[in-house]
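This report concerns only the one structure given below.
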Amino acid sequence: VTGLLSHPYVAGCDVELTRRLEEEIVQERRIAVDGAWLGRNELLRTIFAPAADWRALAVWLSAVVAAVARQPYEGDDARQRVEFLAVIAEELERLRNSLDECAIDPTPEIFASLLRRHLQTLRIPYEGEPLEGVQVMGILETRNLDFENVVILSMTDDNFPGNHMAQSS
Numbered sequence: 043v044t045g046l047l048s049h050p051y052v053a054g055c056d057v058e059l060t061r062r063l064e065e066e067i068v069q070e071r072r073i074a075v076d077g078a079w080l081g082r083n084e085l086l087r088t089i090f091a092p093a094a095d096w097r098a099l100a101v102w103l104s105a106v107v108a109a110v111a112r113q114p115y116e117g118d119d120a121r122q123r124v125e126f127l128a129v130i131a132e133e134l135e136r137l138r139n140s141l142d143e144c145a146i147d148p149t150p151e152i153f154a155s156l157l158r159r160h161l162q163t164l165r166i167p168y169e170g171e172p173l174e175g176v177q178v179m180g181i182l183e184t185r186n187l188d189f190e191n192v193v194i195l196s197m198t199d200d201n202f203p204g205n206h207m208a209q210s211s
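The sequence shown begins at 43 in the numbering used here and counts up by one.
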């Protein structure tokens, strides 16, 4: 619960309240925390609402994404944040519709696993002005780098851009 309360999307809605709730949980050494006790604003009430089956879980997740999107946010990445949340909401709806069409009735755990795996495969296009802030570039653009500071992030076969042709046996 404390990890969720300290998440920037949650803590940003009411920094003082979430900090106070975290402190109370730690000071009182609470192991089980009642959702009603945590629901002290609209976002927290939405987050800590129960969901009985996978359909209720899908509706709940949509409500949480919508509640987070409604929170005022003035950070530099506000546009990206809205885009990420919109993609999550769209893909959540797509998965829910697919399961309904196939008449599959998974457990909430399986639904959560399917959604997590599906969201991990998504690529959200990034657009930015090259002369402002951090510039994201592909491998070809790195050939002629001539800057004072260059940060090269790790890259693996899973996220290295390349040819995704089928392997022949």
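We treat Cβ as the ideally placed atom computed from N, Cα and C, and that holds for glycine.
- Under the three-state reduction of DSSP output, residue 139 falls in the helix class.
- Nearest neighbour of residue 103 by Cα position, chosen from 74, 193, 138, turns out to be 138.
- In the assembly as shown, residue 153 is a buried residue. Its beta-carbon has 16 or more other beta-carbons within 10 Å.
- Rounded to whole angstroms, the gap between the alpha carbons of residue 45 and residue 75 is 13 Å.
- When rounded, the separation of the alpha-carbon atoms in residue 69 and residue 84 is 25 Å.
- Taking 8 Å as the cut-off, the beta carbon of residue 48 is found no closer than this to the beta carbon of residue 58.
- Of all C-beta pairs linking the region 93-101 to the region 150-166, three or more are shorter than 8 Å, placing the two stretches in contact.
- Taking the CA atoms as reference points, residue 135 sits about 17 Å from residue 165.
- Contact between residue 88 and residue 111 does not hold, since their C-beta atoms are separated by about 12 Å, which reaches or exceeds 8 Å.
- The C-beta of residue 86 has 16 or more other C-beta atoms within 10 Å across all chains shown, which makes the residue buried.
- For residue 107, the uninterrupted alpha helix (DSSP H) segment begins and ends at 96-112.
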